[in-house]
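Novice: Residue numbers (the numbering used here): 2 to 263.
Think of the CB as a built atom: it goes at the ideal place given N, C-alpha and C, for glycine as much as any other residue.
Mind looking over this structure? Questions follow.
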Amino acid sequence: MAKVVPLFSGSSGNCWYVSNGGSGILIDAGRSAKQITCALEDNGISIGSIEAIFVTHEHSDHVKGLRVFANRHKLPVYMSQGTMNALYAGNYADEKTRCFVIGNEGVDLSSMHVDRFPISHDCAEGIGFRVDMGGKAYALATDLGYISDEVEKALTGCDVVTIESNHDVNMLRMGPYPYILKRRIMSDKGHLSNEACSGLLPELVRRGTKRFILAHLSRENNMPEIAYRESLNELNANNMELMSDFTLNVAPDAPDGTAVIF
Ligand SMILES: [Zn+2]
Ligand SMILES: [Zn+2]
Numbered sequence: 002m003a004k005v006v007p008l009f010s011g012s013s014g015n016c017w018y019v020s021n022g023g024s025g026i027l028i029d030a031g032r033s034a035k036q037i038t039c040a041l042e043d044n045g046i047s048i049g050s051i052e053a054i055f056v057t058h059e060h061s062d063h064v065k066g067l068r069v070f071a072n073r074h075k076l077p078v079y080m081s082q083g084t085m086n087a088l089y090a091g092n093y094a095d096e097k098t099r100c101f102v103i104g105n106e107g108v109d110l111s112s113m114h115v116d117r118f119p120i121s122h123d124c125a126e127g128i129g130f131r132v133d134m135g136g137k138a139y140a141l142a143t144d145l146g147y148i149s150d151e152v153e154k155a156l157t158g159c160d161v162v163t164i165e166s167n168h169d170v171n172m173l174r175m176g177p178y179p180y181i182l183k184r185r186i187m188s189d190k191g192h193l194s195n196e197a198c199s200g201l202l203p204e205l206v207r208r209g210t211k212r213f214i215l216a217h218l219s220r221e222n223n224m225p226e227i228a229y230r231e232s233l234n235e236l237n238a239n240n241m242e243l244m245s246d247f248t249l250n251v252a253p254d255a256p257d258g259t260a261v262i263f
């Protein structure tokens with residue numbers, strides 16, 4: 002039985018647990034090591050079950066607790082070469098951190114195979130991950146300005162997909178952010194809007210995806226109900242029905258017991 006647990010999601014920190022029954026991995030470690038440890042305990046996840054940490058990119062909401070947590074538990078950490086350089090430069094990793102580059106051939110762990118795919122974002126070399134385990138597949142794509150062909154291909158055929166639904170375009174336009182920041186978020190190297198996210202979902206359902214977890218919602222420029230409603234409406238408009246054709250969750254900012262089993 003495979004499981005995805007959104008521990009933290011959003012601009013205040015991101016961390017996901019993915020498991021194939023026995024062992025599992027973390028994707029990102031964007032809260033303090035203490036907060037991550039508590040979140041794992043609260044969700045009944047043993048730290049001993051974690052085989053490795055995979056890092057999408059070097060922004061602090063993805064790596065804040067990485068060095069302390071990975072060093073304390075001597076866990077290997079996989080990332081792109083560009084992210085690795087940025088982590089050392091930013092002191093998010095040190096000589097004790099067991100950093101490895103995940104190449105195009107992916108990484109084999111005891112119970113899963115993890116592949117990377119590129120994302121377009123204002124960082125050194127951001128990547129998303131696709132996890133194949135026992136005939137089931139999961140992919141996570143957050144912090145991306147647009148959905149490239151490579152992203153779409155990586156997500157295709159996954160049983161469960163975590164995808165960014167960062168902002169409502171109108172809320173962002175009308176909101177308090179300075180113009181330059183608004184432009185950055187809306188750019189090809191920014192974040193995915195509710196609209197862009199929802200537009201991809203019907204095609205993914207047609208190609209076999211059954212479960213979606215919307216992630217990395219902006220606190221200022223989005224609301225869980227709005228993100229949820231936009232994706233639900235788009236799927237319904239394509240004659241796809243909640244529960245019979247798909248399930249839809251919004252990842253909480255902090256753990257609330259949400260777990261997707263598949
Ligand atoms: Zn982020
Ligand atoms: Zn980012």
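What is the DSSP secondary structure of Ala228, counted as helix, strand or coil?
Specialist: In the structure shown, Ala228 sits in a helix (DSSP, three-state: H, G or I).
Novice: So is Ile262 buried or exposed if we call it buried at 16+ other beta carbons inside 10 Å?
Specialist: Ile262 is exposed by the Cβ-count criterion.
Novice: What span of residues does the beta strand (DSSP E) with Asn250 cover, start to end?
Specialist: Element bounds for Asn250: Thr248 to Val251.
Novice: In the DSSP assignment, the beta strand (DSSP E) including Lys211 goes from what residue to what residue?
Specialist: Segment: none, Lys211 is in no beta strand (DSSP E) and carries neither H nor E.
Novice: Determine contact between the segment 247-262 and the segment 5-23, defined as no fewer than three beta-carbon pairs at a distance below 8 Å.
Specialist: These segments touch.
Novice: For Cys159, name the three-state secondary structure that DSSP assigns.
Specialist: The answer is coil: DSSP assigns Cys159 none of H, G, I, E or B.
Novice: Who are the Cβ neighbours of Ile48 in its own chain at under 8 Å, not counting the five residues just before and after it?
Specialist: Correct list, in chain order: Thr38, Leu41 and His74.
Novice: Quick one: residues in its chain with C-beta nearer than 7 Å to the C-beta of Pro225, no 5 flanking neighbours on either side, listed in chain order?
Specialist: Answer for Pro225: Leu218 and Val251, listed in chain order.
Novice: What do you reckon, is the C-beta of Asn15 under 7 Å from a heavy atom of ligand 1?
Specialist: Result yes, Cβ under 7 Å from ligand 1.
Novice: Just the Cα atoms here: how many angstroms apart are Lys183 and Met175?
Specialist: Cα-Cα distance, rounded: 10 Å.
Novice: Between which two residues does the beta strand (DSSP E) carrying Ile51 extend?
Specialist: Taken as a continuous stretch (DSSP letters only), the beta strand (DSSP E) holding Ile51 covers Ile51 to Phe55.
Novice: Count the other C-beta atoms from every protein chain shown that fall within 10 angstroms of the C-beta of Asp116, then say buried if there are 16 or more, exposed otherwise.
Specialist: It counts as buried.
Novice: Within 7 Å: the Cβ of His63 and any heavy atom of ligand 1?
Specialist: Because some heavy atom of ligand 1 lies under 7 Å away, the Cβ of His63 counts as near it: yes.
Novice: Which whole-angstrom value describes the C-beta separation of Ser166 and Ala94, a residue pair presumed to lie in contact below a C-beta threshold of 8 Å?
Specialist: That pair is no contact at about 30 Å.
Novice: Classify Asn239 as buried or exposed, calling it buried when 16 or more other Cβ atoms lie within 10 Å of its own Cβ.
Specialist: Burial call: exposed.
Novice: Between the beta-carbon of Met134 and the beta-carbon of Ile103, is there less than 8 Å?
Specialist: Taking 8 Å as the Cβ cut-off, Met134 and Ile103 do not qualify as a contacting pair.
Novice: Could you check how far apart the C-beta atoms of Val160 and Lys137 are, in whole angstroms? I think they sit under 8 Å.
Specialist: The sequence given here places Asp at residue 160; Val does not occur at that position. With 8 Å as the limit, Asp160 and Lys137 qualify as a contact, their Cβ atoms being about 5 Å apart.
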